[in-house]
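These notes concern the structure reproduced below.
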Amino acid sequence: PHCPHCYTAPPPGAHAGSTGGRMACRDCAHAGCSLATGVRGGSLAVAKCACGGDLKLRRTPAAKFVLGCTSQQCGSAAWFPSAVASARVLEDSDCPQCSAPGAPVRRLKLKLPSAKVPPGTDLNP
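According to this note's numbering, the sequence shown is numbered sequentially starting from 4.
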């Protein structure tokens, strides 16, 4: 399935890994398109799954975020709370505590409405 809006002319900055001028809605991160379910940095693996597949960040059509395995034999997924307003993979920010040589674990940036954050929480650790 290819995005009807982006089939022949993907918007600048929205191309998330497809080739040949064709883009599936799951790869498109265009903020102005209601069909786009990709996220910024979503083409990057956040980490390796135990099965050997890649864990990648996706946005569902219902605007919920999930970290899911790309392997068809694996169903591993971590769903984020519905309060998460936006999420993206930080491309050049590997976690120093979780990463191992040859196996980076990338950090995520999540945005929550201020009313959903507990008082006293440090938002810039």
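All C-beta atoms in this analysis are idealised placements derived from N, C-alpha and C, irrespective of residue type, glycine included.
Please read these numbers as outputs of a predicted model, since none were measured by experiment.
Distance between beta carbons of residue j and residue i, contact taken as under 8 Å
i	j	result
residue 59	residue 78	Not quite, the Cβ-Cβ distance comes to about 14 Å (not below 8 Å), so this is no contact.
Residue j beta carbon less than 8 Å from that of residue i
i	j	result
residue 119	residue 86	yes
residue 108	residue 97	yes
residue 92	residue 82	no
Distance, residue j Cα to residue i Cα
i	j	result
residue 100	residue 110	11 Å
residue 94	residue 47	7 Å
residue 17	residue 123	Since pLDDT at residue 17 reaches only 48, below the 50 mark, its modelled position is unreliable, and the value read off the structure follows with that caveat. One C-alpha to the other measures close to 36 Å.
residue 64	residue 90	14 Å
residue 49	residue 121	26 Å
residue 67	residue 61	8 Å
Close-in-space but distant-in-sequence residues of the same chain around residue i (CB under 7 Å, 5 per side omitted)
i	result
residue 116	86 and 88
Same chain only: Cβ atoms within 8 Å of residue i, ignoring 5 sequence neighbours per side
i	result
residue 51	57, 58 and 106
Same chain, Cβ closer than 6 Å to residue i, five either side skipped, listed in chain order
i	result
residue 74	54 and 56
residue 80	69 and 71
residue 114	88 and 89
Problem - In chain order, each beta strand (DSSP E) run of at least 3 residues that lies wholly inside the region 45-117 - result: 57-62, 68-72, 80-82, 89-97 and 109-114
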